[in-house]
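Visitor:
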Amino acid sequence: MKNTGDLMASKTLNCFLIDDDPDDQEIFCMALEDMGEDINCRYASDGVEALKVLNGNTYTPDYIFIDMNMPRMNGNECLQQIRTIIRLKDVPVYMYSTSADPEAVAATKELGASGFIVKPTSVAELTKTLHFCLRK
Amino acid sequence: MDQQEDTAVTGPGIRFLCGGGEMEKLIRAYDWSHTSLGAIEAWPQSLRTAVNICLSSPFACLVLWGPDMVRIYNNAYAAMLGNKHPALLGSKGKEGFPEVWNRVGHILEAAFVKGESGNLVNQPFMINRFGRDEECYFSISISPVFNEEGQSGGVMLSIRETTDLVLSDKRLRTLRDKQLANLFIQAPVAIAILRGPQYIVETANVRMLEVWGKTAEQMLNKPLFEGLKDAAGQGFEALLDNVFKTGQRFVAEEIPVVLHRNGKDETVYVKLVYEALKEEDGTVSAVMALADEITGLVANRKKVEESEARLRMAIESTKLGTWDYSPQTGELNWSDECRAIYAFPPEKEISFEVFTEHIYPEDREYALAEIRKSLDPGGKGNYDITYRIIRFDDQSVRWIRATGKVYFNQEKPERFIGTVVDITESRMLEQALRENEQRTRLAIDAAQMGTFDWNIKASTFIYSDRLAHIFGYTETAGLVQASFSDRIHPDDRRTRELAHQRSMQSGVLFYEARVVWPDESMHWVRFNGKIVYDEDGSPFKMYGTVLDITEQKTMIHELEESERRFKTLADTAPVMIWTSGTDRMHDFFNKGWLDFTGRKVEEEFGEGWTKGIHPDDLGRRMEIYNSAFDARRKFSIEFRLRNSEGSYRWVLDEGTPRYDSSGAFMGYIGSALDIQERKMAREELERKVLERTSELNKSNSELRQQKEFVDTILQSSVDVIVVLDSELRYVTLNRTASELYHVTAEEVKGRLIVDVFPGARTSGMYHDLQKALEGTTVHNPKYRSTVLAKHFENFYIPLKDRNDKVYGVLLISHDNTAIVDAAEQLESTNRMLEEKNLALERSNRELESFSYVASHDLQEPLRKIRTFSELVQRHMNNEQEAKKYFKKIDSSAQRMSELIRAVLNYSRLSKTDEHFEETDLNKILSHVKSDFELLIAEKGAVIKASKLPVIKGVPLQLNQLFSNLIGNSIKFSEKKPRITITSRMIEPGEMPKHPDILPEAAYVELIFKDNGIGFEQQYAGQVFTIFKRLHGNQAYSGTGIGLALCKKIVENHKGFIEVQSEPGKGTEFFIYLPLL
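Top line first, the protein sequences correspond to chains A and B. When we follow the working numbering, the leftmost residue of the first sequence carries the number 1, and every step to the right adds one. When we follow the working numbering, the leftmost residue of the second sequence carries the number 10001, and every step to the right adds one.
#1: Could you tell me whether the region 10219-10235 of chain B touches the region 10590-10598 of chain B, using the rule of 3 or more Cβ pairs below 8 Å?
#2: Rounded to whole angstroms, what's the CA-CA distance from F11113 (chain B) to L11045 (chain B)? Just pull it up for me.
#3: If we cut at 8 Å on Cβ distances, does H10856 (chain B) have a partner in chain A?
#4: Tell me which same chain residues have a C-beta within less than 6 Å of the C-beta of A10252 (chain B), skipping the five on either side of it?
#5: Exposed or buried, I11071 (chain B), counting other C-beta atoms within 10 Å across all chains shown (16 or more means buried)?
#6: I'd like the span of the alpha helix (DSSP H) that includes W10593 (chain B), first residue to last.
#7: I need the DSSP call for H10358 (chain B), collapsed to helix, strand or coil.
#8: What are the start and end residues of the alpha helix (DSSP H) that includes K11094 (chain B)?
#9: Report yes if the CB atom of G10418 (chain B) is closer than 8 Å to the CB atom of Y10383 (chain B), and no otherwise.
#10: Report yes or no: is there a C-beta of chain B within less than 8 Å of the C-beta of V123 (chain A)?
#11: On the DSSP letters alone, give me the boundaries of the beta strand (DSSP E) that Y10783 (chain B) sits inside.
#12: Is K10952 (chain B) helix, strand or coil when you go by DSSP?
#13: Could you tell me which whole alpha helix (DSSP H) segments of length 4 or greater appear in the region 10825-10871 of chain B?
#14: For the region 114-123 of chain A against the region 37-51 of chain A, do three or more pairs of beta-carbon atoms, one drawn from each stretch, fall closer than 8 Å, so that the two count as touching?
#15: Let me check one thing: in DSSP terms, what residues is E10548 (chain B) bridge-paired to?
#16: Kindly indicate which residue of B:I10812, B:H10779, B:Y10741, B:R10584 has the alpha-carbon position closest to the one of S10787 (chain B).
#17: In whole angstroms, what is the alpha-carbon distance linking G10450 (chain B) and P10124 (chain B)?
#18: Going by the CB atoms, is the gap between N10083 (chain B) and F10130 (chain B) shorter than 8 Å?
#19: Given this structure, state the Cα-to-Cα distance separating L111 (chain A) from L10934 (chain B), to the nearest angstrom.
#20: With DSSP as the reference, label V53 (chain A) as helix, strand or coil.
#21: Where S10141 (chain B) and N10242 (chain B) are concerned, what is the direct C-alpha to C-alpha distance, given to the nearest angstrom?
#22: When the Cα of S10644 (chain B) is compared with those of B:S10033, B:M10876, B:G10612, which residue comes out closest?
#23: Can you tell me which of B:G10646, B:E10702, B:F10639 puts its alpha carbon nearest to the alpha carbon of K10679 (chain B)?
#24: Which residues of the region 26-48 of chain A have a Cβ closer than 7 Å to any Cβ of chain C? Give them in chain order.
#25: Could you please tell me which residues of the region 14-25 of chain A, in chain order, have their CB closer than 9 Å to any CB of chain B?
#26: So, P10949 (chain B) versus L10909 (chain B), is the Cβ gap smaller than 8 Å?
#27: Determine whether the Cβ of T11025 (chain B) lies closer than 8 Å to any Cβ atom of chain A.
#28: Is R10454 (chain B) helix, strand or coil when you go by DSSP?
#29: Note the first and the last residue of the continuous alpha helix (DSSP H) segment covering Y10906 (chain B).
#30: Does DSSP classify W10399 (chain B) as helix, strand or coil?
#31: What does DSSP give as the partner residue(s) for E10254 (chain B) in the beta ladder?
#32: Which value, in whole angstroms, describes the spacing of the CA atoms of S10521 (chain B) and K10553 (chain B)?
#33: Which residues of chain B have a Cβ atom closer than 9 Å to the Cβ of T129 (chain A), listed in chain order?
#34: By Cβ distance below 6 Å, which residues in the same chain neighbour T10732 (chain B) in space, the five residues on each side in sequence not counted?
#35: Can you tell me whether Y10199 (chain B) is helix, strand or coil according to DSSP?
#36: Per DSSP, which residues does Q11060 (chain B) bridge with? Please list them.
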């Protein structure tokens, strides 16, 4: 993969996606690949599993994406838990969902979300959105 | 007796028997030889002297002689004896007179034996002398008489009957205590009070009016001599004037007065006392006249005198008739003198029958019996009778004395010869004499006289013991005349002197004087004396009597006092007082009366006062008075009487008959009271009462109308109206109440409300009634009668009287059951609406969240389809890649259609119009099992179920419930699914706590248990939330709607669902459905 921007020149970006839907994981992965950057992506299928990974102290992603609707632990809960981890306090966490109810969006901001990404109907669109997010 | 007179013998030996009248003759004729005294000729001098004194005494005197106490007494004593005389003469002590002897015998015997004198005063005796026992009083002085030997020969008694005195004394005492007026009226003497120099007759008692022969009207309140014109000019004026001027009493023993009585002029003899009545200052204001008519006495005496003359003439002129009767032949020959006595004409033939006819009828039987007796051969044939005849000519009655002798021949009356003489005159004389004696006795009976015999020439003074006693001497012997005169009160000595001087001329001594006893007591004594003259006409001796008249004096004094007291009393009495006499005439009016009428008492006397009666009342007053008077009843009447100002005033006049102490009716005493004010007040009151009554009647009728009006309102009211009293007893209730409670006003009236309706005590109504009784008006808009199952709006209104005191409660009950029911209906409808609203809201909310969630979940497969479609285009050239994305597209579309179906199912549940029916859960289960037949076989699942109940429910929903639960259990399983379904009934109260539980209902518990993957119990609250999936897509497919649907279905059946789970072990669903 070729770097398309200066900012990623030196380092590989680590993205951590927490989503129970395997289709969405695949789509998210395709969108990252389309960015042409050196991005490493890791997946967790729900919040419980994700926290297990994050609390392990060995993996510190650069960006975290959390699906809102998940069994066992939903996105908001997962976000709250992550925000309690000091090590991850500066890690941007993006909420990731099919629908974006403005109230729900506001609530995630309150809980410490860095942004809210509506799941797109095309991979290209998602690539564009991720560009915007990762450039920050 | 006549015989004795005729045959009177006077021998020298019995000369001591003199001047003794009848007794002299009786003693003379008595055969004393049969007594212990022996023949009269041989009596000792002492006895003769005693008898002499006895017979010559004008007072009752008795000599008891010898140890036998043989009686000899004088005329005066005989007169007292009644029918005991003459049998008592010559009788012995106790034998003759036991009733007296029992009382005083021992005193007399003591006097005889011991020679003691004694004195008994006013001793009561019960004596039978007129055929009946009567109470008599006697004063007796007892003196022993000594014989020639100086021993006790006998006892001499001077007896005075004091019955009248004692009785009048008693009467006086009674009167003092009783009505003073009666004393005046009933005084045994005639009394009048003559007021002022005109001698106005202020008062006169009946006796005085009798003496005057006038009525009260004729005399009262008029000058004496105006009413008694006939007595004017007879010297009384001067006498009265003297008394009035000097204040000195005038006393006359016997004064003739010519009065016009009984329609003719009569000479009346009176014993007269004029007594000055002095005022407190000593001036004489009136004269009290006391008179005792002694006309009868005087007339008798005069008659005796006349008779004596006539007797002499009669005896001289008496013609003795002779007759000769032959009982055998009936031949009767009368001499001319005899015929003259009978006044038969010479030609008149005289037979025994004619003789018999002319015997006075009352005497006829007696005369004929005497004749028969004489003709009886067994008798002596002596005939001597006195009888009355009726003269032939003038039918006058004459007394006849007939004497005769029958000559018998061989035991048969042969000839009856005799004389007849007219003794009418002597017979009458004798009677007159007897009457005179009696009267004299009566006159002096009342006296207890001492006697004296004063020899003027010899200056000897012989006196009786009584006289000494009267002068206060207890020792009677050895007194001289001066002993007596010295005791006369110094003020009266002049009177005595003058009387003695007068007596020397008139031959009669009379005066009254006071005698002062050693104990300084004063005694009024009356002296009477008569001078006996010598042959030369000079005074030789004076016989006399002395009488203690203190009592009479006291009585007069008492009378005055009584009269005065009565008058004072009557005059000071605050009422008007009158009295009337037996003649119905009013004879006294007190000052109160006179002040009222303003008239003079003389105007009022008799019927004068009736002029003051209102003409309309006069007849009634007199009628009532007269009828009461006739019946001797009390009366009371109101009438109008004119007062001094000339106006009529109502008075209440009440009269009572009055009686003297002997019970004799005396007239009336009455009082009148001015009741004008009272009467007016009463009339005013009556008028007011009348007015008030008419007002009342009027207002009553108004009230009645009002009451009818109110009753009509009450009865026609559709509200219940009940009136209760202060004890909550029914007073009344109206028709509505009556109909509602099935009681009538009559049944419950007076009964306590709690007695009629025992349940009332615990009801709210009772409490409200009590509050109303405390004075508060209570309004209870919602009262529910449990008895009637009705709703009322109740008003409890205290009924208060004028003083704000609650006397009852008015209960008005308005039946608003219909309104309340409607309101309740409305409320329950509202409640239902509200519930529905809530359900709708809930449904809306659910729908809202559902639509949100649904849009999210439905967007997901749609989004995926679009994304995968893009990827298909991207990989057009790579068939394998393209196929993969087509497959994903198909899967997403499938999921989407599942979701849409589930959503439809869920949304269908929200419709509540599904209707409930009997649903057999066993059938539901077998349906579901057949639906899952393939899956069960594929997974090798085992479903076990106990017998399930039949419940009311919606079969389609219950089918879905079973389907979802069983489907889940099969789906979320790693091993062979084992599913057990059990059910049981739960009684109310045994249910686990749950907010939606219906406490009254029984429940069916259904338990679905599996051995599936389970979940953490902490997620138990989330599993029933729509689109909540606990498991990732990959492992366990699900729409996230199933359990939400189950919950919804259970809730639709008013039940609830709970879950118990453990990861890896399995899940238990508990479903509770109420049995509806």
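For glycine and all other residues, C-beta sits at the position ideal for the given N, C-alpha and C.
Guide: If we stick to the structure as given:
#1: no
#2: The requested residue 11113 (chain B) is not part of the displayed model; chain B covers only 10001 to 11076.
#3: Sequence index remark: in the second sequence, residue 10856 (chain B) carries index 856 (1-based). Yes - at least one Cβ of chain A is within 8 Å of the one on H10856 (chain B).
#4: If you number the second sequence from 1, residue 10252 (chain B) lands on position 252. Contacts found: L10272.
#5: Numbered from 1 along the second sequence, position 1071 holds the residue referred to as residue 11071 (chain B). Buried.
#6: Taking the second sequence and counting its residues from 1, one reaches residue 10593 (chain B) at position 593. From DSSP, the alpha helix (DSSP H) with W10593 (chain B) extends over 10591-10597.
#7: The residue labelled residue 10358 (chain B) in the question sits at position 358 within the second sequence. In the structure shown, H10358 (chain B) sits in coil (DSSP, three-state: anything other than H, G, I, E or B).
#8: For chain B, the structure presents residues 10001 to 11076; residue 11094 (chain B) sits outside this window and is missing.
#9: Position 418 of the second sequence, counting from 1, holds the residue named residue 10418 (chain B). Position 383 of the second sequence, counting from 1, holds the residue named residue 10383 (chain B). The answer is yes: Cβ separation under 8 Å.
#10: Along the first sequence, read from residue 1 onward, the residue named residue 123 (chain A) stands at position 123. Yes - at least one Cβ of chain B is within 8 Å of the one on V123 (chain A).
#11: One-based indexing of the second sequence puts residue 10783 (chain B) at position 783. Residues 10778-10785.
#12: Residue numbering aside, residue 10952 (chain B) sits at position 952 when the second sequence is read from its first letter. If DSSP states are grouped into helix, strand and coil, K10952 (chain B) belongs with the strands.
#13: none
#14: no
#15: Residue 10548 (chain B) sits at position 548 when you count from the first residue of the second sequence. Going by the sequence as given, residue 10548 (chain B) is Asp instead of Glu. Note: D10548 (chain B) sits in a beta bridge opposite B:V10525.
#16: In the second sequence, residue 10787 (chain B) corresponds to position 787, counting from 1. Looking at the sequence shown, residue 10787 (chain B) is not Ser but Val. For V10787 (chain B), the nearest C-alpha among the options comes from B:Y10741.
#17: For the purposes of this step, residue 10450 (chain B) is taken as residue 450 along the second sequence, with counting starting at 1. For the purposes of this step, residue 10124 (chain B) is taken as residue 124 along the second sequence, with counting starting at 1. Approximately 22 Å between the Cα atoms of the pair.
#18: Taking the first residue of the second sequence as 1, we reach residue 10130 (chain B) at position 130. Taking the first residue of the second sequence as 1, we reach residue 10083 (chain B) at position 83. Yes, these two residues count as a Cβ contact at 8 Å.
#19: The residue you call residue 111 (chain A) lines up with position 111 of the first sequence. The residue you call residue 10934 (chain B) lines up with position 934 of the second sequence. Note on geometry: alpha-carbon atoms of L111 (chain A) and L10934 (chain B) lie some 48 Å from one another.
#20: Here residue 53 (chain A) refers to the residue found at position 53 when the first sequence is read from its first residue. In the structure shown, V53 (chain A) adopts helical secondary structure according to DSSP, grouped into three states.
#21: Translated into the one-based positions of the second sequence, residue 10141 (chain B) becomes position 141. Translated into the one-based positions of the second sequence, residue 10242 (chain B) becomes position 242. When the Cα atoms are used, S10141 (chain B) and N10242 (chain B) turn out to be separated by approximately 41 Å.
#22: Along the second sequence, read from residue 1 onward, the residue named residue 10644 (chain B) stands at position 644. The option with the nearest alpha carbon to S10644 (chain B) is B:G10612.
#23: Locating residue 10679 (chain B) in the second sequence gives position 679, counting from the first residue. Looking at the Cα atoms, B:F10639 is the closest of the given residues.
#24: Among the chains of the structure shown, chain C does not appear; the protein chains present are A and B.
#25: D20, D21, P22, D23, D24
#26: Your numbering for residue 10949 (chain B) matches position 949 in the second sequence. Your numbering for residue 10909 (chain B) matches position 909 in the second sequence. Against a cut-off of 8 Å, the Cβ pair of L10909 (chain B) and P10949 (chain B) comes out as no contact.
#27: The residue given as residue 11025 (chain B) occupies position 1025 in the second sequence. So no, T11025 (chain B) is outside the interface.
#28: Counting from one through the second sequence, the residue named residue 10454 (chain B) turns up at place 454. According to the sequence shown, residue 10454 (chain B) is Trp rather than Arg. Secondary structure at W10454 (chain B): strand, using DSSP grouped into helix, strand and coil.
#29: As a working mapping, residue 10906 (chain B) is identified with position 906 in the second sequence. Its alpha helix (DSSP H) spans residues 10879-10909.
#30: Stepping through the second sequence from its first residue, residue 10399 (chain B) is reached at position 399. If DSSP states are grouped into helix, strand and coil, W10399 (chain B) belongs with the strands.
#31: In the second sequence, residue 10254 (chain B) corresponds to position 254, counting from 1. Per DSSP, none; premise fails for E10254 (chain B).
#32: As a position in the second sequence, residue 10521 (chain B) is number 521, starting the count at 1. As a position in the second sequence, residue 10553 (chain B) is number 553, starting the count at 1. Cα to Cα, S10521 (chain B) sits roughly 14 Å from K10553 (chain B).
#33: The residue given as residue 129 (chain A) occupies position 129 in the first sequence. Simply none; closest approach about 13 Å.
#34: Indexing the second sequence from 1 puts residue 10732 (chain B) at position 732. Excluding sequence neighbours, T10732 (chain B) sits near V10723, A10745.
#35: Translated into the one-based positions of the second sequence, residue 10199 (chain B) becomes position 199. It is coil, neither helix nor strand.
#36: In the second sequence, counting from the first residue as 1, residue 11060 (chain B) sits at position 1060. Per DSSP, B:E11068.
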